[in-house]
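Written below as structure tokens is the structure these notes are about.
Numbering (my numbering), first residue to last: 2 to 48.
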């Protein structure tokens with residue numbers, strides 16, 4: 002899964018906003034990172 006697919010799934014969820022984190026694109030829920038570089042996209046989607 003690439004970032005564009007992850008972004009489309011994330012933005013379909015309620016309260017998710019596109020933002021940045023440390024200068025990179027990020028998705029946030031209630032101002033908390035949904036995406037970070039330390040965990041794979043597949044793992045994040047199962048949380």
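All C-beta atoms, glycine included, are put in the ideal place defined by N, C-alpha and C.
For the beta strand (DSSP E) holding residue 28, just list the boundary residues, first then last.
Locating residue 28 in the chain shown gives position 27, where the first residue counts as 1. Element bounds for residue 28: 25-30.
Between the C-alpha atoms of residue 22 and residue 10, what's the straight-line distance to the nearest angstrom?
In the chain shown, residue 22 corresponds to position 21, counting from 1. In the chain shown, residue 10 corresponds to position 9, counting from 1. The alpha-carbon atoms of residue 22 and residue 10 are separated by roughly 19 Å.
Near residue 20, which residues of its chain fall below 6 Å by C-beta distance, leaving aside the five closest residues on each side in sequence?
Within the chain shown, the letter at position 19 stands for residue 20. Counting only Cβ-Cβ distances below 6 Å, and skipping sequence neighbours, we find 27, 29.
Whole-angstrom distance between residue 31 and residue 3, CA atom to CA atom
Taking the chain shown and counting its residues from 1, one reaches residue 3 at position 2. Taking the chain shown and counting its residues from 1, one reaches residue 31 at position 30. Approximately 23 Å between the Cα atoms of the pair.
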